[in-house]
Amino acid sequence: MNYYDILTICLGTAVCIFLFFFAGYAADNLNPKFRLMYFLPAVIAVGITLFSGAEKAMIPVYAGAAFCAFGFFREKAAFRRIVSLISAVSILSAVPVCLNYKGYRSPDYNKEFEKVFSTFKQRYVLSDWKGIDYDALYAKYKPVFEKAQKEHDESANYSAMLCFLSEFHDGHVGYGYMSEYMLQEQELVNKLFGDDHGLVLMNLDDGRTVAVQVDKKLSEKGIHNGTVITEWNGRPIDEAAAEVPVDINLSNGSVMFTADKDNRYFYRSTLLAGTGGSSPEVTFIDDDGNEKTAVLESMGDYLPRLKAAMSRLDDGIKCANFGWTTADGKIPVLRIKSMFFDAKSSAEEMKEPEKSYADMKEDIRSHVTEAMENGQKDLIIDLRYNGGGSGNLIRAIAEVLGTKGEHLYNYNGVWDNKTNRYKTDEEGHFLLGKKNMLESEGLLDSGKIVILVNAGSISAADHLVHVMGQMENVTVMGFTKTNGSAQGVTIKTLDKAVVSMSGSMMLNEDGTPFVDSGKDGLSGNTLDVKLPFDDEALDAIFNKDEDYLLSKAVEYLTK
Numbered sequence: 005m006n007y008y009d010i011l012t013i014c015l016g017t018a019v020c021i022f023l024f025f026f027a028g029y030a031a032d033n034l035n036p037k038f039r040l041m042y043f044l045p046a047v048i049a050v051g052i053t054l055f056s057g058a059e060k061a062m063i064p065v066y067a068g069a070a071f072c073a074f075g076f077f078r079e080k081a082a083f084r085r086i087v088s089l090i091s092a093v094s095i096l097s098a099v100p101v102c103l104n105y106k107g108y109r110s111p112d113y114n115k116e117f118e119k120v121f122s123t124f125k126q127r128y129v130l131s132d133w134k135g136i137d138y139d140a141l142y143a144k145y146k147p148v149f150e151k152a153q154k155e156h157d158e159s160a161n162y163s164a165m166l167c168f169l170s171e172f173h174d175g176h177v178g179y180g181y182m183s184e185y186m187l188q189e190q191e192l193v194n195k196l197f198g199d200d201h202g203l204v205l206m207n208l209d210d211g212r213t214v215a216v217q218v219d220k221k222l223s224e225k226g227i228h229n230g231t232v233i234t235e236w237n238g239r240p241i242d243e244a245a246a247e248v249p250v251d252i253n254l255s256n257g258s259v260m261f262t263a264d265k266d267n268r269y270f271y272r273s274t275l276l277a278g279t280g281g282s283s284p285e286v287t288f289i290d291d292d293g294n295e296k297t298a299v300l301e302s303m304g305d306y307l308p309r310l311k312a313a314m315s316r317l318d319d320g321i322k323c324a325n326f327g328w329t330t331a332d333g334k335i336p337v338l339r340i341k342s343m344f345f346d347a348k349s350s351a352e353e354m355k356e357p358e359k360s361y362a363d364m365k366e367d368i369r370s371h372v373t374e375a376m377e378n379g380q381k382d383l384i385i386d387l388r389y390n391g392g393g394s395g396n397l398i399r400a401i402a403e404v405l406g407t408k409g410e411h412l413y414n415y416n417g418v419w420d421n422k423t424n425r426y427k428t429d430e431e432g433h434f435l436l437g438k439k440n441m442l443e444s445e446g447l448l449d450s451g452k453i454v455i456l457v458n459a460g461s462i463s464a465a466d467h468l469v470h471v472m473g474q475m476e477n478v479t480v481m482g483f484t485k486t487n488g489s490a491q492g493v494t495i496k497t498l499d500k501a502v503v504s505m506s507g508s509m510m511l512n513e514d515g516t517p518f519v520d521s522g523k524d525g526l527s528g529n530t531l532d533v534k535l536p537f538d539d540e541a542l543d544a545i546f547n548k549d550e551d552y553l554l555s556k557a558v559e560y561l562t563k
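In my numbering, the protein residues as written are 5 to 563.
What follows is the structure, encoded as C-alpha cells:
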C-alpha cells in the first residue's frame, strides 16, 4: 500500500479511538474547543490527500473521517462513542479494499498511453528515418490499453507498453518504473518472461533450434545442452517463436530493445521457452536421431534461467571497468563495461569537454606501452554488454588507440525552433551542423586491435565501434553486431514510470543518422568477423563454460 494511505489510516483510526474514550471527559467538561476535535480525522485525511492524491479504494477512509464530524453537533458521550466507533471501523475497512482492489493507486493506462504516444509523435527524432506509422500503431495498441484500464490489469499494461515501444526498434527507447516501485516492476518482469521449464532455446546459425542451460531433471527425458527442439506445444519452433515479442531482450538483467534486425533474428527463440503455461509439450530429436515428445513442468520463473544463459553467452571478461588483464597469458585485454572512467574525469568533462579524460588516456597509454616493451603489439578491447556513457570518453579512447591522423567522429544535426524538428533538405536528408573531428596519435599502428561486441553493446559503445571500426588495424568481432542505437537520449516522466527515447540527432557525412537503423532495419555498424554460433560454440559456452569469443580473438591475433 501507498505510505501516505497507511499513514492516513493509522492516524485516522488512532484519533477515532482517542475520541471514543475522550467522549466521557468532554461530556463532563463542556468546552466548545472539544467539539472541534471531531473534525480532526477529516483534517488529517484532507491534509495528507493533498500530497498523495485521492484514491477510490480510500473512500471508506474519507467517509469515516467525514462521519466523525457528527460528533461536533451532539455532546452526549454515548452518541460520540458510536460515531467514533463507526468512523474507526469505516477507516480500517479501507485496508482490505486497497489490498484487493486491482485498480488501487494505478495510473490511468489510457491517459498514460496517450501521453507516451503523443510524446513520441512530437519528439522522437528518428520517426521519418525508421518509417514509423503512428496511425497503424495507435489502431493496434489503443484497444489493448483500453482493455488493461477496464480490467485494472497492471501486468497487461506493462506488457503492452513494452510491446508498443519495441515497435520503434531502438535501444534508446525504454520504459521502467521509478526506484520506489522496483520490487513491483520485478514481479511484472517475471510474469512477462513466463515460466521456467528447465531450458532456454537458442538458434544455431544453420537454423536448428537447440536447448541450452538445461536443468538436470530434463536429462531423464533425454534433453540436454544441444538437443534439437523441433516443436513447442505442437507447433513448429519458428511459427511459435514468431508470436513472442522477440524484440524484448535482456541487458544485464534488464529489459531492453534490439535495434538491428539481424540481432533480433539471432535471439528470436529465447523467449519461447517461457511460454506454454505449467506443462508445455516439446518435440525433440534424441541422441539416436529419433523424434520424441515430452511434457515439461514449471519450475518457477523463467527469468533467472534466461539471465544465466545470456550471461554465459554474452557477458564479457569478469574484470573491473577499465580493468586490464591478459588473454592466453600474453595479449593485453582492456575491459570497458561502461563509458565512465572516474568522477574526476566526469567533472573535467563538464568544464572542458574536448580536453577531458587525460588520466584515462595516460592509463591506456602506459598499459599499452608496457605491453609493447614486452613484445606485445596487439590489443583486445572487450565491449560486450557495454551500456554506454560519455561521447567525449569515446573521443579520448580513439585519440590514443586510433590510427595516426585526423578522423571524422560525426556531425550534429541542425535544430529548427519554428518547427521543433531537425532540418532536412528536399530529399529528406538531415542538414549537417557542427563537424566533430578527432586527432589520433597512432599508438598501436604497428599492431592489431580486436573489439569484442554483442547486441548489448549500446549507445557510446556503438559510437566507439563506428569510429574505430573504420580504421585499418581494427577488427570488430562477435556473434552479433552492436545494438545499433547511438542518438542522444531524452526522457519523459509518467506517474510511476519513466520512458526514454532518441531525442537529439547525430549524423554521418551524407546526412543520414549516425549508426541507427532505418527502414531496412540494419544499423550502421557491422562485424568484420562474424563468429558462427554453431555446435562448437555451444559446447564451449554451455558445457565447458569457456569464453569462446575471447579464445577466437586470441586465435585471430596469433594465426
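Virtual Cβ for every residue (Gly too), placed ideally from N, Cα, C.
Rounding to the nearest angstrom, what Cα-Cα distance links residue i and residue j in this structure?
i	j	result
Glu-226	Asp-209	Inspection of the sequence shows that residue 226 is occupied by Gly rather than by Glu. Each residue's alpha carbon lies about 23 Å from the other.
Asp-112	Ser-159	14 Å
Tyr-8	Phe-22	21 Å
Leu-4	Ile-455	Nothing can be reported for residue 4, as the shown portion of the chain is limited to 5 through 563.
Asn-424	Lys-438	19 Å
His-467	Phe-270	22 Å
Lys-154	Cys-323	49 Å
Thr-234	Gly-515	45 Å
Ile-1	Arg-109	Past the edges of the chain, shown from 5 to 563, lies residue 1, and the structure says nothing about it.
Asn-114	Ala-152	8 Å
Met-509	Ser-122	19 Å
Leu-310	Ala-215	12 Å
Gly-135	Ser-521	11 Å
Asp-449	Gly-333	22 Å
Thr-530	Val-480	8 Å
Gly-28	Cys-20	14 Å
Ser-94	Ala-61	12 Å
Asn-104	Glu-366	60 Å
Ala-143	Gln-491	28 Å
Asn-6	Gly-417	44 Å
Phe-117	Pro-36	52 Å
Thr-231	Asp-290	7 Å
Leu-511	Ala-544	40 Å
Gly-528	Arg-127	22 Å
Tyr-415	Phe-518	8 Å
Lys-296	Phe-288	5 Å
Throw me the rounded Cβ distance for the residue i and residue j pair, which I believe falls under 8 Å.
i	j	result
Thr-428	Leu-435	6 Å
Ala-298	Gln-217	About 17 Å; that fails the 8 Å criterion.
Gly-451	Asp-382	5 Å
Ser-461	Arg-369	Not confirmed; about 24 Å, so no contact.
Thr-17	Ile-52	Between Ile-52 and Thr-17 the Cβ distance is about 13 Å, and since that is not below 8 Å, they are no contact.
Val-337	Asp-386	6 Å
Val-193	Leu-307	7 Å
His-173	Gly-525	7 Å
Ser-360	Gly-406	Going by Cβ atoms, the distance from Ser-360 to Gly-406 rounds to 17 Å, so no, they are not a contact pair.
Gly-341	Asn-390	The sequence as given places Lys at residue 341; Gly does not occur at that position. Indeed they touch by this definition, with Cβ atoms about 6 Å apart.
So, at 7 Å on beta carbons, what are the nonlocal neighbours of residue i in its own chain, with the 5 sequence-adjacent residues on each side left out?
i	result
Val-471	Ile-398, Ala-402, His-411, Tyr-413
Val-148	Ala-164
Gly-202	Val-218, Asp-219, Lys-221, Leu-222, Leu-300, Met-303
Phe-124	Met-505
Leu-561	Ile-335, Asp-382, Lys-452, Val-454
Asn-378	none
Ala-49	Thr-12, Gly-16, Val-65, Tyr-66, Ala-69
Asp-319	Arg-388, Tyr-389
Residues in the same chain with beta-carbon distance under 8 Å from residue i, minus the five sequence neighbours each way, listed in chain order, please.
i	result
Ala-541	Phe-483, Leu-535, Tyr-552
Leu-166	Tyr-179, Leu-196, Pro-249, Ile-252, Val-259
Leu-276	Leu-205, Trp-236, Ile-241, Ala-244, Ala-245, Val-248
Met-441	Glu-410, His-411, Leu-412, Tyr-413
Val-558	Ala-331, Asp-332, Ile-335, Ile-384
Does any residue of chain C have a CB that is nearer than 8 Å to the CB of residue i?
i	result
Tyr-113	Absent from the structure is chain C; it holds one protein chain and no more.
Among all the DSSP beta bridges, which residues are the ones paired with residue i?
i	result
Val-4	Residue 4 lies beyond the range of the chain shown here (5 to 563); nothing can be said about it.
Ile-233	Phe-288
His-411	Leu-442
Tyr-426	Trp-419
Glu-295	Ile-289
Arg-239	Trp-236
With a CB to CB cut of under 6 Å and the five nearest residues on each side skipped, what residues in its chain are close to residue i?
i	result
Tyr-42	Cys-72, Ala-73, Gly-75, Phe-76
Thr-279	Gly-198
Asn-161	Tyr-113, Ala-152
Phe-168	Tyr-145
Point to revise | Minimum length 4: unbroken alpha helix (DSSP H) runs contained in the stretch 530-560 | key: 539-542
Check your understanding: If you scan the stretch 56-87 from start to end, which runs of the alpha helix (DSSP H) of 4 or more residues do you find wholly inside it?
Key -> 63-71
**Study point:** Continuous beta strand (DSSP E) assignments of at least 3 residues falling wholly in the stretch 327-399
**Key:** 327-331, 335-339, 383-386
Exercise for review: Just list the beta strand (DSSP E) runs in the stretch 156-231, keeping only unbroken ones of 3 residues or longer that don't cross its boundaries, in chain order.
Suggested key: 178-181, 204-207, 213-216
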